[in-house]
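Chemist: Have a look at this one.
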Amino acid sequence: MPSAKPYLLRGMVQWMEDNGLTPQMLVDATLDGVSVPPEHVKAGKIVLNIAERATVKRELDNDYVSFGARFGGVAREVWVPMLAVLAVYARENGQGMTFPVEDGPAPPSAPEPPRERPKLRVVK
């Protein structure tokens, strides 16, 4: 079953924006595939303003979050795999949710060994 994280993230972001709040996302910047301005990373983490008004072409996909934004006046592209999203919360009041740390997609499980067919025998 796919992770509920992207659905919860989208729902929380919509709820915050509907109520005039600024959604912020806490990201683990040390994971592979994360593309954020390294000069803004502190202790391996970065907080990103993901409000629609602060981003360009924001995408909250099932596998990633991406958008364009300005950092210190410089336009940058941001790419965050969903695994790196640690929390989403409103800047104004801190309401939001944290997400459990995931290890990535589960590896395919080994197939079960074939079962022997049942054998009938006559018992006297």
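Going by the numbering used here, the sequence shown runs without a break in its numbering and finishes at 297. Glycine is no exception: its CB is placed at the ideal position from the N, C-alpha and C atoms.
So, is residue 196 buried or exposed, given that buried needs 16 or more other C-beta atoms within 10 angstroms?
Modeler: buried
Chemist: Leaving out five residues before and five after residue 279 in sequence, what residues of the same chain have Cβ atoms less than 6 Å from its Cβ?
Modeler: Because residue 279 carries a pLDDT of 40, less than 50, the predicted location of this residue cannot be relied on, and no value is offered for it.
Chemist: Of all the options 229, 246, 212 and 198, which has the alpha carbon lying nearest to the alpha carbon of residue 264?
Modeler: 198
Chemist: Assign residue 221 to one of two classes, buried (16 or more other C-beta atoms within 10 Å of its C-beta) or exposed (fewer than that).
Modeler: buried
Chemist: Rounded to whole angstroms, what's the CA-CA distance from residue 206 to residue 253? Just pull it up for me.
Modeler: 7 Å
Chemist: Tell me whether residue 221 sits in a helix, a strand or coil according to DSSP, three-state version.
Modeler: strand
Chemist: Mapping DSSP to helix, strand and coil, what is residue 180?
Modeler: helix
Chemist: Taking C-alpha atoms, which residue in 228, 174 and 179 lies nearest to residue 237?
Modeler: 179
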